[in-house]
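2 protein chains.
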Amino acid sequence: MKKLINSPDTVVADFLEGMALAHPTSLRIDHENRVVLRGTPKDEGKVAIVSGGGSGHEPLHGGYVGRGMLDAACAGEVFTSPVPDQMQAATKAVDRGAGVLYIVKNYTGDVMNFDMAAELADAEDDIAVRQVITNDDVAVEDSTFTAGRRGVGGTVLVEKIAGAAAEEGRSLEEVAEVAERVNACARSMGMALTPVTVPANGKPSFELGDDEIEIGIGIHGEPGRRREPVASAREIAEKLLDPILAELPGEGPVLLMVNGMGATPLIELYIMAKEASQVLAERGVEVSRHMVGELITSLDMAGCSITLLRLDDELTALWDAPVHSPALHWSADDIQE
Amino acid sequence: MKKLINSPDTVVADFLEGMALAHPTSLRIDHENRVVLRGTPKDEGKVAIVSGGGSGHEPLHGGYVGRGMLDAACAGEVFTSPVPDQMQAATKAVDRGAGVLYIVKNYTGDVMNFDMAAELADAEDDIAVRQVITNDDVAVEDSTFTAGRRGVGGTVLVEKIAGAAAEEGRSLEEVAEVAERVNACARSMGMALTPVTVPANGKPSFELGDDEIEIGIGIHGEPGRRREPVASAREIAEKLLDPILAELPGEGPVLLMVNGMGATPLIELYIMAKEASQVLAERGVEVSRHMVGELITSLDMAGCSITLLRLDDELTALWDAPVHSPALHWSADDIQE
Chain A
1 MKKLINSPDT
11 VVADFLEGMA
21 LAHPTSLRID
31 HENRVVLRGT
41 PKDEGKVAIV
51 SGGGSGHEPL
61 HGGYVGRGML
71 DAACAGEVFT
81 SPVPDQMQAA
91 TKAVDRGAGV
101 LYIVKNYTGD
111 VMNFDMAAEL
121 ADAEDDIAVR
131 QVITNDDVAV
141 EDSTFTAGRR
151 GVGGTVLVEK
161 IAGAAAEEGR
171 SLEEVAEVAE
181 RVNACARSMG
191 MALTPVTVPA
201 NGKPSFELGD
211 DEIEIGIGIH
221 GEPGRRREPV
231 ASAREIAEKL
241 LDPILAELPG
251 EGPVLLMVNG
261 MGATPLIELY
271 IMAKEASQVL
281 AERGVEVSRH
291 MVGELITSLD
301 MAGCSITLLR
311 LDDELTALWD
321 APVHSPALHW
331 SADDIQE
Chain B
1 MKKLINSPDT
11 VVADFLEGMA
21 LAHPTSLRID
31 HENRVVLRGT
41 PKDEGKVAIV
51 SGGGSGHEPL
61 HGGYVGRGML
71 DAACAGEVFT
81 SPVPDQMQAA
91 TKAVDRGAGV
101 LYIVKNYTGD
111 VMNFDMAAEL
121 ADAEDDIAVR
131 QVITNDDVAV
141 EDSTFTAGRR
151 GVGGTVLVEK
161 IAGAAAEEGR
171 SLEEVAEVAE
181 RVNACARSMG
191 MALTPVTVPA
201 NGKPSFELGD
211 DEIEIGIGIH
221 GEPGRRREPV
231 ASAREIAEKL
241 LDPILAELPG
251 EGPVLLMVNG
261 MGATPLIELY
271 IMAKEASQVL
281 AERGVEVSRH
291 MVGELITSLD
301 MAGCSITLLR
311 LDDELTALWD
321 APVHSPALHW
331 SADDIQE
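Taken in order, these protein sequences are the chains called A and B.
So for the first sequence, the UniProt record's numbering puts the first residue at 1; every next one is plus one.
So for the second sequence, the UniProt record's numbering puts the first residue at 1; every next one is plus one.
Right, here's the structure in full:
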């Protein structure tokens, strides 16, 4: 195993220290509880948004903490849910009297632990909590760590749009409603060129031949739909988009997100963005917003995922609203630029 | 070879189409000349900044086109200099009467071609051009494609700071002077965990054993100083920083840039940022600015580089100035955040 780490045991603590050093004013990190917080607290009376999950998907979730997005992110061990105590600490740190929304990817451990944290917040701290479970992956029903569909790339979109709704001063019910709507309108599918190596295991989590790719892979290397021979970017775009389009509800323009799995060069992601845009144009789907980059990853896996979100005017306006986090950042005057 | 491409022959054309689609308002791409331009031209009377080089180092250079940084970037074939005609087209597209600064990484082909473009701009178009050659890599004197030191991570810092100086309305001489000063105050060194595979070759450009790393590697996979057994993040930080510190001029605080080589997960870059910060603290060097991410890459090579820039008040203020490019983005109000 070749990785830039000190020891498998210290990966999460070390990376959080690095985040704190790299973002000394915009982030504040509670190292004891492994919670990433905004450097300056948000205003009184605003709904707070908390997410989190296993580490290894960076920049998700800590990289999305900032004005217009998350208030806190809980970091579990690599590919392992954080525990309810972490979530309770995050909840207490960010609540400003308007309640807290949890954004939870649909993996059994995360769902169970965030559920317990919501009960603790209610019973011990008298904080109102609502939860939204993301489950946008069309690849498989049920999986290694999941009952039902997995939460993947759509989670980034839920965090951005719910964050914008909270920043506008909407109520907890309203922010939860829009988060649910984004999840309901988002569909994703991923593929791998290479397997992922978890530091504690030291070996690839599955085997993939020199001429093989896996279609429908999960963000922990969970099995996908099928293995296939290497294909062109154009063919891969079709293999991901056709199942997504078959499940995408509604009509009208979409947001296209092309995401790298952690070890995918940006030049390849731009090529995938071109091919995905062309496939969508041929299918009669208008793309009105784009996002390309490594946004929700799987350690050192090479590959990509595509997410589509069906937009309406409200979701578009919330998407365009300013965001100031380490990993997603734009200003009001960028939109017209 | 497993890559998200259609064909080795179309990599650059396809990626530029993807960039255009992904950034429809902030960028404009001259596909005939393979030049990335700002979506909205800059003001009359400002110095324009042009960079460019072989593709495969994304987001360098096209991802740094935008307000506060570059006006244009010329994209060559993978690891191959663009030609003078591209640079001339870029120069004519961006000149607004105040002259043009070329920022050129020190590789023989780039230096020769930008030199010819400067002559063409003067002789045929009557545009004043100044050039700054970056050569911040301390690993080796002379290399596969270079006489003298290679231009690597420091180039990103030169582009950012010269861009801010131009945005302030400084003259061509003044912008060139500050760019020269950044280059003179920046030192870098890189290392590889894995080799790089150029699409047209289809095979890794060099061999590296399962337990081997290469210290001092270039951004095209050019040989470094030595091969060594796998080491910890802490040890690698020392192996890169000690040669950098030995050559870093001046006194006072530094900017620390931790860069991924293209296939390096963000979690590992944050771990390297922590270790580098700690090594610098132990060496008595204050880090006053940080930047962590994949900023100047080498296709699918895994590994990292570290760049230090000795800061003074002027360089710090120019660094903090707003920047609005696809890959580097911050606003005036982020600094205090």
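Note that beta-carbon positions come from the ideal geometry of N, C-alpha and C, so glycine has one too.
This one's a predicted model, so the numbers in the text were calculated from it and none came from an experiment.
Span separating the alpha-carbon of residue i from that of residue j
i, j, result
"B:E17", "A:M191", "22 angstroms"
"B:T108", "B:M116", "12 angstroms"
"B:D320", "A:D334", "18 angstroms"
"B:D136", "A:A281", "44 angstroms"
"A:H57", "A:V198", "12 angstroms"
"A:R67", "B:I306", "29 angstroms"
"A:A176", "A:D85", "23 angstroms"
"A:D126", "B:K42", "54 angstroms"
"B:A179", "A:G62", "34 angstroms"
"B:I5", "A:G99", "46 angstroms"
"A:A246", "A:E214", "20 angstroms"
"A:V138", "B:G224", "45 angstroms"
"B:A237", "B:I267", "15 angstroms"
"B:V158", "A:T146", "48 angstroms"
"B:H324", "A:T316", "21 angstroms"
"A:P322", "B:S331", "11 angstroms"
As assigned by DSSP and simplified to three states, the class of residue i
i, result
"A:G54", "strand"
"A:R181", "helix"
"A:M1", "coil"
"A:L328", "coil"
"B:T194", "coil"
"B:A72", "strand"
"B:N6", "coil"
"A:N106", "coil"
"A:Q336", "Low local confidence applies: a pLDDT of 46 at A:Q336 is under 50, so the model's placement there is unreliable, with the coordinate-based value given in what follows. Three-state DSSP puts A:Q336 in coil, outside helix and strand."
"A:L315", "helix"
"B:I49", "strand"
"B:L299", "coil"
"B:I161", "helix"
"A:P229", "strand"
"A:E77", "strand"
"B:T134", "strand"
Proximity to residue i [Cα-Cα], best of the options
i, options, result
"B:V182", "B:G109, B:G151 and B:R96", "B:G151"
"B:G153", "B:A317, B:S298 and B:A302", "B:S298"
"B:L241", "B:M261, B:A147, B:G216 and B:Y102", "B:G216"
"B:K274", "A:A22, A:P229, A:K3 and A:V111", "A:A22"
"A:G252", "A:R225, A:L311 and A:E238", "A:L311"
"B:A233", "B:V279, B:D210 and B:G250", "B:V279"
"B:P265", "A:E167, A:S7 and A:F15", "A:F15"
"B:V230", "B:K239, B:E212, B:I219 and B:I244", "B:E212"
"B:I219", "B:T80, B:Y64 and B:P249", "B:T80"
"A:E174", "A:S325, A:T144, A:I49 and A:K203", "A:I49"
"A:S188", "A:I161, A:N201, A:A72 and A:P249", "A:P249"
Test: residue i CB closer than 8 angstroms to a CB of chain B
i, result
"A:C185", "no"
"A:N201", "no"
"A:F206", "no"
"A:E294", "yes"
"A:V323", "no"
"A:I161", "no"
Cβ distance (whole Å) where residue i is taken to contact residue j below 8 angstroms
i, j, result
"B:A263", "B:D300", "5 angstroms"
"A:V78", "A:V12", "7 angstroms"
"B:L309", "B:V254", "6 angstroms"
"A:L318", "A:V292", "A:L318 to A:V292, Cβ: 20 angstroms. No contact."
"B:A166", "B:K92", "Incorrect: roughly 17 angstroms between the Cβ atoms, too far for contact."
"A:V94", "A:L37", "7 angstroms"
"B:V156", "B:I133", "In fact, because the Cβ distance is near 15 angstroms, the residues do not count as touching under 8 angstroms."
Any C-beta of chain A under 8 angstroms from that of residue i
i, result
"B:E337", "Confidence at B:E337 is low in this model, with a pLDDT of 39, below 50, so the placement of that residue is unreliable and no value is reported for it."
"B:I271", "yes"
"B:D136", "no"
"B:W319", "no"
"B:M69", "no"
"B:K92", "no"
"B:P59", "yes"
"B:G56", "yes"
"B:A233", "yes"
"B:C304", "yes"
Closer than 8 angstroms to chain C by CB, residue i
i, result
"B:K2", "This model lacks chain C altogether, as its protein chains are A and B."
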